[in-house]
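Just so you know, we're using our numbering here: the sequence shown kicks off at 23 and counts up by one.
Each residue gets a CB set at the ideal place from its N, CA and C atoms; glycine is no exception.
Just so it is clear, the structure is predicted and the values come from calculations on it, not from any experiment.
Notes for the one structure printed next.
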Amino acid sequence: MEHSIAGDEENRFSVRISRLLFWGSVMGILVLATLPPQGTALEQCPDKPAHAVAFGMLFLLGLGAYPRLRVYPGIIAGAMGIFLYGGGIELIQAGLPWRSCSLADFIWDGVGVVMAYFGYLLFHRFLPSGWAIGKNSKGEQLPQKK
């Protein structure tokens with residue numbers, strides 16, 4: 023299946039920065055999810071919307087970090103991977119005395135991923151083709167810089 027992602031895009035500086043942000047966020051979410059909640063700013067944040075925002079943003083960061091996931095079926099695999107990561111965190115929390123496993127949190131993780139997925143699809147549906155990566159305003163592939 024042909025798609026608009028440039029062949030050497032994996033080496034672009036912006037992709038490398040996106041990967042750093044993505045994996046930093048993955049680790050940051052894991053650390054925050056395993057810390058005791060007492061005395062942290064996490065107590066002040068509404069729990070369920072925070073799950074949706076965190077996992078929606080993680081999904082979008084993943085699309086920036088791994089451009090080949092932006093096309094079907096990769097985008098579905100990416101969404102499922104982020105969703106399963108949320109499930110893994112809930113399982114880890116089940117073993118921590120200061121945390122608990124919550125099906126509601128897991129569902130809200132999925133809500134965030136689904137909202138980000140549809141937001142991404144709508145964003146690309148209504149943008150001119152020039153916004154596509156590696157294409158000009160006419161939708162033609164741009165030459166790659168050496």
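Check	Outcome
Check each candidate in 81, 45, 144, 36 and name the one with the smallest Cα separation from residue 105.	81
Compute the Euclidean distance between the alpha carbons of residue 69 and residue 55, then round it to the nearest angstrom.	11 Å
Consult DSSP for residue 45 and reduce its assignment to one of helix, strand or coil.	helix
Could you please give the first and the last residue of the uninterrupted alpha helix (DSSP H) stretch that includes residue 130?	125-148
Report, in whole angstroms, the separation of the C-beta atoms of residue 87 and residue 40, which I expect to be a contact under 8 Å.	4 Å
Taking only the alpha-carbon atoms, compute the straight-line gap between residue 132 and residue 60 and give it to the nearest angstrom.	26 Å
Residue 139: buried (16+ other C-beta within 10 angstroms of its C-beta) or exposed?	buried
In chain order, what residues of the same chain have a beta carbon less than 7 Å from the beta carbon of residue 95, not counting five sequence neighbours either side?	none
Would you tell me roughly how many angstroms separate the C-alpha atoms of residue 120 and residue 148, rounded to the nearest one?	45 Å
Could you have a look at residue 71 and say whether DSSP puts it in helix, strand or coil?	helix
Leaving out five residues before and five after residue 78 in sequence, what residues of the same chain have Cβ atoms less than 7 Å from its Cβ?	134, 135, 137, 138
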